[in-house]
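**Q** First the structure, then my questions, so here it is.
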């Protein structure tokens with residue numbers, strides 16, 4: 002276990018690196034009652050990682066599995082942390098690779114590399130008053146195709162997609178630094194600049210996508226994300242605002258992930 006802070010680590014944030022944990026989200030939940038400041042938790046190996054909607058999340062050694070545990074922001078701001086996290090992931094990927102053109106963002110919680118699933122985000126509210134932001138990044142390994150849901154967009158690792166071998170701990174520092182910077186923008190200026198930056202990096206904007214909730218399915222042209230972070234689709238029935246859903250592209254669904 003390591004808790005020392007490397008150069009460039011954001012002021013005021015803690016850091017905990019574990020050799021093994023069931024999941025960094027579970028570790029965050031256990032530590033929430035005693036945590037008063039932001040804390041990044043990383044596990045070199047997860048034995049029971051999970052993603053959105055209770056899905057299993059494959060996490061071979063060498064990939065990043067991390068969770069940011071923080072005091073819960075106001076409810077209206079909490080849901081917007083997924084956009085902060087996505088931009089921070091994008092920034093960290095560019096910081097480590099220098100290849101901004103290779104990456105894009107998929108609403109609500111994925112980072113794509115050349116259009117394939119590289120990373121995902123999972124948000125959970127924890128007691129007594131905390132938010133956990135789980136992040137999984139395929140740095141060295143991508144899930145096997147036969148482990149994905151039917152129709153899932155093919156995943157990719159950074160090693161496969163760009164031929165770069167980046168250590169998880171080395172990736173964590175620029176991620177934490179970028180998250181701190183983007184979170185300060187949200188806190189100071191509100192969602193507008195975060196929204197603009199996210200849309201500038203959005204995948205498939207202007208194209209047809211399908212939003213699937215637990216019960217419904219809506220297909221339409223991806224127009225924008227509104228001031229509340231909702232996906233706006235233009236459909237034959239008019240513009241529809243989607244607050245939460247899995248998004249499917251024409252060739253399938255990008256597999257949702259978590260830490």
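In the working numbering, the protein residues as written are 2 to 260. Using N, Cα and C, we set each Cβ at its ideal position, and we do this for glycine too. Keep in mind it's a predicted model, so treat the numbers as computed, not measured.
1. Is DSSP giving residue 95 helix, strand or coil here?
2. Between the Cα of residue 181 and the Cα atoms of 49, 90, 147, 231, which residue gives the shortest distance?
3. I need the straight-line Cα distance from residue 137 to residue 86, nearest angstrom please.
4. What is the DSSP secondary structure of residue 12, counted as helix, strand or coil?
5. Residue 143 by DSSP, collapsed to three states: which one?
6. Could you check where the beta strand (DSSP E) with residue 135 kicks off and where it finishes?
7. I'd like to know whether the C-beta atoms of residue 206 and residue 223 end up nearer to each other than 8 angstroms.
8. Among 75, 189, 160, 193, which has the Cα closest to the Cα of residue 140?
9. Pick helix, strand or coil for residue 77, following the three-state DSSP scheme.
10. For residue 198, which of 210, 184, 211, 68 has the nearest alpha-carbon?
**A** Reading from the atomic positions:
1. Here residue 95 refers to the residue found at position 94 when the chain shown is read from its first residue. In the structure shown, residue 95 sits in a helix (DSSP, three-state: H, G or I).
2. Working through the chain shown from its first residue, we reach residue 181 at position 180. Nearest option by C-alpha distance: 90.
3. Taking the chain shown and counting its residues from 1, the one referred to as residue 137 is at position 136. Taking the chain shown and counting its residues from 1, the one referred to as residue 86 is at position 85. So the two alpha carbons sit approximately 11 angstroms from each other.
4. Your numbering for residue 12 matches position 11 in the chain shown. Note: residue 12 maps to coil in three-state DSSP.
5. Along the chain shown, read from residue 1 onward, the residue named residue 143 stands at position 142. Residue 143: coil per DSSP, three-state reduction.
6. For the purposes of this step, residue 135 is taken as the residue at position 134 of the chain shown. Looking at the DSSP string, the run of the beta strand (DSSP E) that includes residue 135 is 131-138.
7. To locate residue 206, count along the chain shown from 1; it is residue 205. To locate residue 223, count along the chain shown from 1; it is residue 222. Taking 8 angstroms as the Cβ cut-off, residue 206 and residue 223 qualify as a contacting pair.
8. Residue numbering aside, residue 140 sits at position 139 when the chain shown is read from its first letter. Comparing Cα-Cα distances from residue 140 to each of 75, 189, 160, 193, the minimum goes to 160.
9. The sequence position of residue 77 within the chain shown is 76, counting from 1. In this structure, residue 77 counts as helix in the three-state DSSP scheme.
10. Taking the first residue of the chain shown as position 1, residue 198 is located at position 197. When each option's Cα is compared against that of residue 198, the closest is 184.
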